[in-house]
Amino acid sequence: MMRPIAVDLFAGAGGMSLGFEQAGFDILAAVEHDPVHCATHEYNFPDCAIICKSVTTTTGLEIRENSDIGNADIDVVFGGPPCQGVSLMGKRALDDPRNELMLHFVRLVAELNPKYFVMENVKGLTIGKHKGILTEVITQLQASGYEVEADYKVLNAAEYGVPQDRRRLFLFGCRRGFQLPKYPLPVTRSAVPSNQLKLNGMELPVGPTVWDAIQDLPEAENYPQLLDRDWVTAPHGKPSNYAAPLRWQTDPQNYSYERLYHPELLTSSMRTVHTNLSIDRFSAAPPGTIEPISRFPKLSPTGICNTLRAGTGADRGAYTSPRPIHPTTPRCITVREAARLHSYPDWFRFHFTKWHGFRQIGNSVPPNLARAVGSSIISALNIQPQKPMGIVLPGDLKLLGFTLSEAANYYGTDRKAMGSRTRISNNPNKLQSKLQELDSTGPTLNAQKFSNDNLIPIMAIA
Numbered sequence: 001m002m003r004p005i006a007v008d009l010f011a012g013a014g015g016m017s018l019g020f021e022q023a024g025f026d027i028l029a030a031v032e033h034d035p036v037h038c039a040t041h042e043y044n045f046p047d048c049a050i051i052c053k054s055v056t057t058t059t060g061l062e063i064r065e066n067s068d069i070g071n072a073d074i075d076v077v078f079g080g081p082p083c084q085g086v087s088l089m090g091k092r093a094l095d096d097p098r099n100e101l102m103l104h105f106v107r108l109v110a111e112l113n114p115k116y117f118v119m120e121n122v123k124g125l126t127i128g129k130h131k132g133i134l135t136e137v138i139t140q141l142q143a144s145g146y147e148v149e150a151d152y153k154v155l156n157a158a159e160y161g162v163p164q165d166r167r168r169l170f171l172f173g174c175r176r177g178f179q180l181p182k183y184p185l186p187v188t189r190s191a192v193p194s195n196q197l198k199l200n201g202m203e204l205p206v207g208p209t210v211w212d213a214i215q216d217l218p219e220a221e222n223y224p225q226l227l228d229r230d231w232v233t234a235p236h237g238k239p240s241n242y243a244a245p246l247r248w249q250t251d252p253q254n255y256s257y258e259r260l261y262h263p264e265l266l267t268s269s270m271r272t273v274h275t276n277l278s279i280d281r282f283s284a285a286p287p288g289t290i291e292p293i294s295r296f297p298k299l300s301p302t303g304i305c306n307t308l309r310a311g312t313g314a315d316r317g318a319y320t321s322p323r324p325i326h327p328t329t330p331r332c333i334t335v336r337e338a339a340r341l342h343s344y345p346d347w348f349r350f351h352f353t354k355w356h357g358f359r360q361i362g363n364s365v366p367p368n369l370a371r372a373v374g375s376s377i378i379s380a381l382n383i384q385p386q387k388p389m390g391i392v393l394p395g396d397l398k399l400l401g402f403t404l405s406e407a408a409n410y411y412g413t414d415r416k417a418m419g420s421r422t423r424i425s426n427n428p429n430k431l432q433s434k435l436q437e438l439d440s441t442g443p444t445l446n447a448q449k450f451s452n453d454n455l456i457p458i459m460a461i462a
């Protein structure tokens, strides 16, 4: 079965890759300069060619030759080039070295010549001095043979079934001769009392809350194993309507490949050790407020999450972005809880360390939002998405434990891509097969159990 072909530029750990796969695309190539992110992307998308280098030195021909794309017509190229500054005095915005990645996005779109492109960026690009950068990008894309949607939109993930206030600009365009896609219509209104969002005069359903996202997850504080590793086998609670498809892969509108994983395996959940003073402060802070000393937001179980951010790499100070406080337990949320608030499914794994894991989530587009955008491109292509057959086995577990130096050596690239933090001790054994590899992180899986619905949750939840 042939599915439309997509290329992910600035791929990170793979939020947009996942969303577009869920919309019905095959992501055949991804470009990412950070080798730690590349390793996580490779683990979760083992059939996608990951090109671990900067887009500034990557060509369209290189992407084609180092993937299964070859001479095939690409259906969509998408990505979120970082934009770090307004124009220097007397220069065009795209001549500013801080904005060169935007220019290289345009260049690669022109070289790859896809039918469609999607550029994601911060909402601030639409206002003030930064708007000049966006205007120049549009002009460059038009000069490269593309129609660009002039009425560009800022989309809020909370209006697309994500329990998080996260607003991002999306710029659509198509090769001349194709029809411009339409922006996806909102499907939910965020779970805040003042939100009365309507569509065609009808009030939209309330979207998922923080508690909908995380209430079925085991309490990390109950498992001492999570002090020095990121996984444990634990019974889960009954999932909400939002959490069920993230846990069981049962969404009929999800056209991604099934993944092999164990639904009772809690991953990306290494605990944070807080002082007694911090625990007391976290307990005293009312839900939905900012804890005054740490300035950490405390989540309200009936509300939505603030925008999850990535922090910075060592080249910009290695600052960790404030992590929200759990709504009922006096601690910061885990990486898995952040992933749930970002609409990542439970089979998707992140780097073993909290610092890299939160960076990977905070840098990414929520998959549910990316899926809505990808579905708009599918509609413009006049394609009926199809669920692919078969199950994708995850990549090698060692990919999730690499230090920056190890990841750089693995990909043969420069370790200066991003800053590093000390990771947990991890020395996974060399395994004979993917199933044996999964054995090392949870209950025994073997060929006889491979078809057991308790282990391979493809069936619907009653």
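Using UniProt numbering, the letters of the sequence shown correspond one by one to residues 1 to 462. In this text, a Cβ means the ideal position worked out from N, Cα and C, and glycines have one as well. All values derive from a computational prediction rather than experimental measurement.
Could you give the first and the last residue of the continuous alpha helix (DSSP H) run that contains residue i?
i: Ile377; result: Pro367 to Ala380
i: Phe282; result: Asn276 to Ala284
i: Leu341; result: Val335 to Leu341
i: Leu18; result: Gly15 to Ala23
i: Ile63; result: Gly60 to Glu65
i: Tyr146; result: Looking at the DSSP string, Tyr146 is not in any alpha helix (DSSP H); the run it does join, the beta strand (DSSP E), is Tyr146 to Val148.
i: Ser405; result: Leu404 to Tyr411
i: Arg107; result: Glu100 to Leu112
i: Ala143; result: Lys131 to Ala143
i: Pro253; result: It is worth fixing the name first, because residue 253 is Gln in this sequence and not Pro. Segment: none, Gln253 is in no alpha helix (DSSP H) and carries neither H nor E.
i: Lys354; result: Lys354 to Gly362
i: Pro245; result: Ala243 to Trp248
i: Val210; result: Val210 to Ile214
List the whole-angstrom C-beta distance separating residue i from residue j, where the pair is believed to meet the contact cut-off of C-beta under 8 Å.
i: Phe105; j: Leu9; result: 6 Å
i: Val232; j: Pro301; result: Contact doesn't hold; Cβ gap of about 23 Å is too wide.
i: Met270; j: Leu226; result: 6 Å
i: Pro297; j: Pro324; result: 5 Å
i: Gly60; j: Leu112; result: 4 Å
i: Ala30; j: Ile5; result: About 12 Å; that fails the 8 Å criterion.
i: Phe350; j: Ala13; result: 6 Å
i: Ile304; j: Pro163; result: 5 Å
i: Leu125; j: Glu149; result: The pair is not a contact, with the Cβ atoms about 15 Å apart (cut-off 8 Å).
Shortest alpha-carbon distance to residue i belongs to which of the options?
i: Cys174; options: Gly145, Ala158 and Leu155; result: Gly145
i: Asp165; options: Leu299, Phe78, Ile50 and Ile293; result: Leu299
i: Gly24; options: Ser256, Leu397 and Gly401; result: Ser256
i: Leu155; options: Lys387, Pro163, Lys123 and Leu141; result: Lys123
i: Phe117; options: Thr139, Phe78, Leu103 and Ala110; result: Phe78
i: Pro235; options: Asp228, Arg229 and Tyr223; result: Tyr223
i: Ile63; options: Thr40, His326, Thr56 and Ala49; result: Ala49
i: Gln335; options: Gln384, Asp230 and Thr250; result: Checking the sequence, you will find Val at residue 335 rather than Gln. Comparing Cα-Cα distances from Val335 to each of Gln384, Asp230 and Thr250, the minimum goes to Asp230.
i: Asp75; options: Asp396, Gly395, Leu381 and Ala110; result: Leu381
i: Ile214; options: Leu399, Arg340 and Ala29; result: Arg340
i: Val109; options: Gly128, Thr58, Asn66 and Thr135; result: Thr58
i: Ala11; options: Leu28, Leu134, Ile304 and Asn306; result: Leu28
i: Gly207; options: Ser240, Gly177 and Leu217; result: Ser240
i: Leu397; options: Phe45, Arg3 and Leu103; result: Phe45
i: Arg295; options: Pro322, Phe178, Asn99 and Leu399; result: Pro322
i: Lys354; options: Tyr152, Asp73 and Asp228; result: Asp228
i: Val137; options: Asp151, Ser54, Ala338 and Met119; result: Met119
i: Leu101; options: Asn71, Asp68 and Thr56; result: Thr56
Tell me where the beta strand (DSSP E) around residue i begins and ends.
i: Val122; result: Tyr116 to Val122
i: Asp26; result: Asp26 to Val31
i: Lys153; result: Lys153 to Asn156
i: Gly79; result: Val76 to Gly79
i: Leu169; result: Arg167 to Arg175
i: Asp47; result: First-last for Asp47: undefined, no H or E at that position.
i: Ala6; result: Ile5 to Leu9
Using the rule of at least 16 other Cβ atoms within 10 Å of the residue's Cβ for burial, across every protein chain shown, is residue i buried or exposed?
i: Gly237; result: exposed
i: Lys182; result: exposed
i: Leu185; result: exposed
i: Arg168; result: buried
i: Gly357; result: buried
i: Pro252; result: exposed
i: Thr40; result: buried
i: Gln360; result: buried
i: Asn121; result: buried
i: Ser17; result: buried
i: Gly412; result: exposed
i: Glu337; result: buried
i: Ala284; result: exposed
i: Ser440; result: Low confidence applies to Ser440: its pLDDT is 38, below 50, so where it sits in the model is not reliable enough to give any reading.
For chain E, check one thing: does any of its Cβ atoms lie closer than 8 Å to the Cβ of residue i?
i: Pro286; result: Looking at the structure shown, chain E is missing, and only one protein chain is on hand.
Would you say residue i touches the ligand PLP, meaning its beta carbon is less than 7 Å from a heavy atom?
i: Asp34; result: Here there are no bound small molecules, and the ligand PLP is not part of this structure.
So, does the segment 260-275 touch the segment 337-351, judging by three or more C-beta pairs under 8 Å? In this structure the segment 260-275 touches the segment 337-351; the number of beta carbon pairs closer than 8 Å is three or more.
Do three or more CB pairs link the segment 326-346 to the segment 241-256 at distances below 8 Å? At 8 Å Cβ cutoff, the stretches touch.
Is it the case that the segment 271-281 contacts the segment 372-379, given that we only count it when at least three CB pairs across the two stretches are under 8 Å? Flag = no, the segment 372-379 and the segment 271-281 do not touch.
How do the segment 35-50 and the segment 391-410 stand: do at least 3 beta-carbon pairs fall below 8 Å, yes or no? Cβ pair count under 8 Å is three or more, so yes.
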